[in-house]
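J.: Here the protein sequences come in this chain order: A and B.
Heads up: the first sequence begins at 1 in our numbering, then just goes up one per residue.
Heads up: the second sequence begins at 1 in our numbering, then just goes up one per residue.
All C-beta atoms in this analysis are idealised placements derived from N, C-alpha and C, irrespective of residue type, glycine included.
All of these numbers come straight from a predicted model, not from anything done at the bench.
Just passing along the structure, written as structure tokens.
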Amino acid sequence: MSRKFTPKIVTANDLRAGDVVYLTASDDWSRHHHEAEFLEDEAIAELRLLRALGQGDIVVGPYLAEARQGTQGPEPVHFREAFRTRGPSNYAHGKQEATNV
Amino acid sequence: MYKYSDFDTATVRARVAQFRGQVERRLNGSLTEEEFRPLRLMNGLYLQLHAYMLRVAIPYGTLSAAQMRQLAYIADRWDKGFGHFTTRQNIQFNWPRLTDVPDILDALADTQLHAIQTSGNTIRNVTADHFAGAAADEIADPRPVAELIRQWSTDHPEFQFLPRKFKIAITGAAADRAVIRAHDIGLQIVQRGDEIGFAVLVGGGLGRTPMLGQVIRDFLPKADLLPYLEAIVATYNLMGRRDNKFKARIKITLFENGIETLRAAVEEEFLRTRPAFSGVDQDWLAGIEAQFAPPAFRAADPAPFEAALKVDPLLRTWASRNLAAHKQPDHAIVTVSLKEHGQTPGDATSEQMRVLADLAERYGYGELRISHEQNVILPHVARADLPQVHAELLRAGLATANVGLLSDIIACPGMDYCALATARSIPIAQQLATHFRDIGLEEEIGQLKIKISGCINACGHHHVGHIGILGLDRAGVENYQITLGGDGTETAAIGERAGPGFAYDEVVPAIERILRAYLELRSDASESFIAAFRRLGPAPFKTALYGEGQRDAA
């Protein structure tokens with residue numbers, strides 16, 4: 001029996017800067033998780049991942065990550081993805097640095 | 001210290017130019033990521049969780065003041081003003097942009113540094129005792145041999161695609177400060193009569209299947225080193241498994257074949273490799289050794305230091321923790337702790353790097369070392385200068401007097417940076433250090449090595465920590481396993497798992513239970529945690545962790 005599909009987003013790292021990015025519904029790459037396209041259908045999710053895989057000149061290593069719908073938009077499910085939305089816990093570097101400015 | 005030959009300079013510069021072209025081709029679409037990835041890894045460039053990471057080799061842990069200053073410059077110009085010193089005597093920059101990396105590599109080459117073979121299935125940065133060339137207990141300085149191995153292994157055409165990465169460590173003393181038993185090859189300089197040679201260990205390694213190295217040759221004549229190393233690596237290259245990444249290290253080759261079979265195969269190969277070395281390597285080695293001649297140690301009366309000790313309690317505490325015996329009685333080896341309580345183990349800011357470079361220049365004959373325990377060493381300081389050195393370290397926030405104590409923790413970057421990590425390491429280290437300082441038990445607990453890894457690959461050496469902590473992902477939650485009784489020195493031992501793991505916020509209380517049990521059970525204050533553990537076995541500590549009858553549950 002195949003496992004039930006759970007909602008996903010497409011995420012990757014920016015080729016030039018290395019920063020974490022998310023595929024949006026308008027085919028852009030956003031730096032913000034809540035702007036990611038929320039994918040509730042497995043077939044569509046696979047198609048969106050294929051599209052991301054075809055953008056190797058912009059991003060590196062795209063994959064589908066678990067997500068749930070929140071008030072602002074998709075939120076991460078796993079702690080690893082939550083860390084990726086912020087940056088490291090020992091310094092206010094990465095995305096959390098930008099939000100501090 | 002070793003100075004690049006014209007050949008070295010040309011090799012490193014050519015590699016930077018190649019990589020510059022490779023980056024350009026990646027950016028213009030000529031290279032896919034699949035094609036580019038092995039090329040960037042050959043130059044130490046990883047893609048981590050939040051950014052790229054550049055791993056720079058600090059061969060055998062030796063840096064000049066000028067090199068340290070250049071690392072500070074790179075941290076400021078292209079990174080976020082700091083660097084992370086690792087358990088393999090590398091420095092990692094955590095935030096470079098891909099487009100800047102060729103310029104960073106050129107800046108490294110300006111001071112004879114590089115990132116070659118800091119990744120990939122090659123022979124990695126050769127590590128050495130961080131007290132090399134200074135320690136009172138040393139037979140010979142292992143760094144000339146380490147440099148010879150670096151030259152031999154760099155771009156060695158036969159060993160660029162080994163079954164798996166390959167790590168070599170070397171010590172020149174009987175005391176093992178380089179964890180040689182946890183390396184693919186561990187070398188110890190030994191003396192037999194008047195002859196200098198090597199005890200050669202093979203098949204050590206931590207990670208998923210931790211094993212201690214076994215002696216494959218108890219005395220290898222000095223001149224046979226490179227042909228013998230070549231015989232080992234060539235044998236491994238053929239015998240090592242390529243069907244399963246988790247069984248590809250030489251420790252598995254050794255485990256599956258046994259030391260007798262492996263030794264016989266190596267000795268047979270050695271019959272072929274030995275005649276191929278005409279002795280030119282020994283000529284090179286002689287040239288390298290000349291470059292590692294010790295500095296002209298100045299004679300200085302240590303009386304000012306002895307006098308200052310009597311009146312300065314901070315200096316006294318620091319001196320009792322952070323100094324080691326130098327081969328010159330009027331000098332000392334200074335360990336500068338990068339483990340300030342609450343800070344990230346192994347991190348140094350660019351400002352701190354500059355202070356260390358200045359101190360090395362003014363008081364330390366221009367030399368610095370990086371230890372696998374993630375501290376910085378001033379290997380040669382006249383004892384007369386120690387009060388000034390301590391005062392300047394205090395001003396720079398670098399005088400933490402905790403070497404060998406609980407807060408002198410090894411921690412890998414963990415899931416704060418590393419793409420392979422399964423849990424965080426750094427905050428656990430920070431919490432342990434501050435907690436035991438705050439409850440005032442650190443001094444009383446005394447000598448203790450806590451080592452933390454954020455995944456099974458064990459970069460944080462948790463298996464050889466007196467207390468080891470391994471962060472895992474258990475059903476989407478960080479969970480930490482504790483191992484007890486490990487040892488990374490000449491009395492090496494792999495720690496044993498205490499029992500079920502602990503949640504993120506349960507780790508500090510768990511460690512406190514172990515250590516309160518130790519304080520109760522030790523014969524007296526001179527019995528260290530590891531000595532008490534060896535005398536008592538794990539049972540009382542497991543009881544402290546899990547309660548009576550609970551330790552087999554879950």
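1) Quick check on the burial criterion: 16 or more other C-beta atoms within 10 angstroms. Buried or exposed for residue 456(B)?
2) Against residue 83(A), what residues of chain B qualify as contacts under a CB-to-CB distance less than 9 Å, listed in chain order?
3) So is residue 487(B) buried or exposed if we call it buried at 16+ other beta carbons inside 10 Å?
4) Decide if the segment 58 to 72 of chain B is in contact with the segment 125 to 139 of chain B; the criterion is three or more beta carbon pairs, one per stretch, under 8 Å apart.
5) Could you pull out every unbroken alpha helix (DSSP H) segment of at least 4 residues lying fully inside the segment 293 to 352 of chain B, listed in chain order?
6) Against residue 80(B), what residues of chain A qualify as contacts under a CB-to-CB distance less than 9 Å, listed in chain order?
7) Determine, using beta carbons only, whether residue 167(B) and residue 156(B) come nearer to each other than 8 Å.
8) Along the beta strand (DSSP E) that carries residue 74(B), what are the first and last residues, could you check?
9) Residue 53(B) lies in the beta strand (DSSP E); which residues open and close that run?
10) Can a CB atom of chain A be found closer than 8 Å to the CB of residue 420(B)?
11) Against residue 15(A), what residues of chain B qualify as contacts under a CB-to-CB distance less than 9 Å, listed in chain order?
12) Could you give the first and the last residue of the continuous beta strand (DSSP E) run that contains residue 63(A)?
13) Quick one: what's residue 8(A) bridged to in DSSP?
14) Can you tell which of 195(B), 264(B), 249(B) has the C-alpha that lies nearest to the C-alpha of residue 228(B)?
15) Among 490(B), 185(B), 408(B), whose alpha-carbon lies nearest the alpha-carbon of residue 451(B)?
16) Just tell me which of 79(A), 86(A), 85(A) has its CA closest to the CA of residue 475(B).
17) Taking the runs of the beta strand (DSSP E) that are 3 residues or longer, which of them lie wholly in the segment 424 to 499 of chain B?
18) Compare the C-beta of residue 88(A) with all C-beta atoms of chain B and state if any pair is closer than 8 Å.
19) Under 9 Å between beta-carbons, which chain B residues line up against residue 20(A)? List them in chain order, please.
20) Whose C-alpha, out of 116(B), 88(B), 67(B), is nearest the C-alpha of residue 19(B)?
21) Please tell me whether residue 79(A) has its Cβ less than 8 Å away from any Cβ of chain B.
22) Could you tell me the alpha carbon to alpha carbon distance between residue 93(A) and residue 25(B), rounded to whole angstroms?
23) I'd like to know if residue 10(A) contacts chain B, where contact means its C-beta is closer than 8 Å to some C-beta of that chain.
24) Using 8 Å as the threshold, is the C-beta distance between residue 41(A) and residue 15(A) below it?
25) Identify every residue that forms a DSSP beta bridge with residue 23(A).
26) Would you mind telling me which residues of chain B sit closer than 9 Å to residue 41(A), beta carbon to beta carbon, in chain order?
27) In whole angstroms, what is the alpha-carbon distance linking residue 280(B) and residue 268(B)?
28) Whole angstroms is fine: what's the gap from residue 271(B)'s alpha carbon to residue 258(B)'s?
29) Could one say the Cβ of residue 158(B) lies closer than 8 Å to chain A's Cβ atoms, at least one of them?
30) Does residue 496(B) get closer than 8 Å to chain A when you measure Cβ to Cβ?
31) According to the Cβ coordinates, are residue 285(B) and residue 187(B) closer than 8 Å?
32) Select from the segment 59 to 73 of chain A all residues with a C-beta closer than 8 Å to any C-beta belonging to chain B, and list them in chain order.
33) With DSSP run on the structure shown, which of helix, strand or coil describes residue 49(B)?
34) Going by beta-carbon coordinates alone, are residue 66(A) and residue 59(A) separated by less than 8 Å?
35) From which residue to which residue does the beta strand (DSSP E) around residue 202(B) run?
36) Which whole-angstrom value describes the C-beta separation of residue 323(B) and residue 316(B), a residue pair presumed to lie in contact below a C-beta threshold of 8 Å?
T.: Quick answer:
1) Residue mapping note: residue 456(B) aligns to position 456 of the second sequence, counting from 1. Buried, because 16 or more other Cβ atoms sit within 10 Å of the Cβ of residue 456(B).
2) Taking the first residue of the first sequence as position 1, residue 83(A) is located at position 83. Within chain B, the residues near residue 83(A) are 49, 50, 415, 416, 424.
3) In the second sequence, the residue the question calls residue 487(B) occupies position 487. Residue 487(B) should be labelled buried.
4) Touching, per the Cβ criterion.
5) 303 to 311, 313 to 322
6) The sequence position of residue 80(B) within the second sequence is 80, counting from 1. Here the neighbours are 91, 93, 97.
7) Translated into positions along the second sequence, residue 167(B) becomes position 167. Translated into positions along the second sequence, residue 156(B) becomes position 156. The answer is no: Cβ separation not under 8 Å.
8) Mapped onto the second sequence, residue 74(B) falls at position 74. Run containing residue 74(B): none in the beta strand (DSSP E); it sits in the alpha helix (DSSP H), 65 to 78.
9) Position 53 of the second sequence, counting from 1, holds the residue named residue 53(B). Element bounds for residue 53(B): 52 to 57.
10) As a position in the second sequence, residue 420(B) is number 420, starting the count at 1. With 8 Å as the cut-off, residue 420(B) does not count as an interface residue toward chain A.
11) The residue given as residue 15(A) occupies position 15 in the first sequence. Within chain B, the residues near residue 15(A) are 26, 27, 33, 98.
12) The residue labelled residue 63(A) in the question sits at position 63 within the first sequence. Where residue 63(A) is concerned, the enclosing beta strand (DSSP E) stretches over 59 to 69.
13) Position 8 of the first sequence, counted from the start, is the residue given in the question as residue 8(A). DSSP lists 39(A), 66(A) as partners of residue 8(A).
14) Within the second sequence, residue 228(B) is the residue found at index 228, counting from 1. Among 195(B), 264(B), 249(B), the Cα nearest to that of residue 228(B) belongs to 264(B).
15) Locating residue 451(B) in the second sequence gives position 451, counting from the first residue. When only C-alpha atoms are compared, the closest one is 408(B).
16) For the purposes of this step, residue 475(B) is taken as the residue at position 475 of the second sequence. The residue with the shortest Cα to Cα distance from residue 475(B) is 79(A).
17) Restricting attention to beta strand (DSSP E) runs no shorter than 3 residues, the segment 424 to 499 of chain B encloses them at 450 to 453, 467 to 474, 477 to 484, ordered along the chain.
18) Translated into positions along the first sequence, residue 88(A) becomes position 88. Yes, residue 88(A) counts as interfacial toward chain B.
19) As a first step, residue 20(A) is located in the first sequence; it is residue number 20 there, counting from the start. Ordered by position in chain B, the residues that pass the 9 Å Cβ test against residue 20(A) are 49, 50, 51.
20) For the purposes of this step, residue 19(B) is taken as the residue at position 19 of the second sequence. Residue 19(B) has its Cα closest to that of 116(B), out of 116(B), 88(B), 67(B).
21) On the first sequence, position 79 is the one that residue 79(A) refers to. It does; some Cβ of chain B falls within 8 Å.
22) Residue 93(A) sits at position 93 when you count from the first residue of the first sequence. Residue 25(B) sits at position 25 when you count from the first residue of the second sequence. Each residue's Cα considered, the two are about 30 Å apart.
23) Numbered from its first residue, the first sequence carries residue 10(A) at position 10. Closer than 8 Å: no.
24) By 1-based counting over the first sequence, the position of residue 41(A) is 41. By 1-based counting over the first sequence, the position of residue 15(A) is 15. In this structure, residue 15(A) does not lie closer than 8 Å to residue 41(A) by Cβ.
25) Against the first sequence, residue 23(A) aligns to sequence position 23. Looking at the DSSP output, residue 23(A) shares a beta bridge with 29(A).
26) For the purposes of this step, residue 41(A) is taken as residue 41 along the first sequence, with counting starting at 1. Residues of chain B whose Cβ lies closer than 9 Å to the Cβ of residue 41(A) do not exist, since the nearest Cβ in that chain is about 23 Å away.
27) Counting from one through the second sequence, the residue named residue 280(B) turns up at place 280. Counting from one through the second sequence, the residue named residue 268(B) turns up at place 268. Computed Cα separation, rounded: 22 Å.
28) The residue you call residue 271(B) lines up with position 271 of the second sequence. The residue you call residue 258(B) lines up with position 258 of the second sequence. If you take the alpha carbons of residue 271(B) and residue 258(B), they lie about 20 Å apart.
29) Here the question's residue 158(B) lines up with position 158 in the second sequence. With respect to chain A, the C-beta atom of residue 158(B) has no partner C-beta closer than 8 Å.
30) On the second sequence, residue 496(B) is found 496 positions in, with the first residue counted as 1. Not closer than 8 Å to any Cβ of chain A, the Cβ of residue 496(B) fails to qualify, so no.
31) Taking the first residue of the second sequence as position 1, residue 285(B) is located at position 285. Taking the first residue of the second sequence as position 1, residue 187(B) is located at position 187. No. Outside cutoff.
32) 60, 61
33) Reading the second sequence from its first residue, position 49 is the one you call residue 49(B). Three-state DSSP puts residue 49(B) in coil, outside helix and strand.
34) Within the first sequence, the letter at position 66 stands for residue 66(A). Within the first sequence, the letter at position 59 stands for residue 59(A). For residue 66(A) and residue 59(A), no; Cβs fall outside 8 Å.
35) Position 202 of the second sequence, counting from 1, holds the residue named residue 202(B). Note, residue 202(B): beta strand (DSSP E), 195 to 202.
36) Stepping through the second sequence from its first residue, residue 323(B) is reached at position 323. Stepping through the second sequence from its first residue, residue 316(B) is reached at position 316. The Cβ separation is near 11 Å, so there is no contact.
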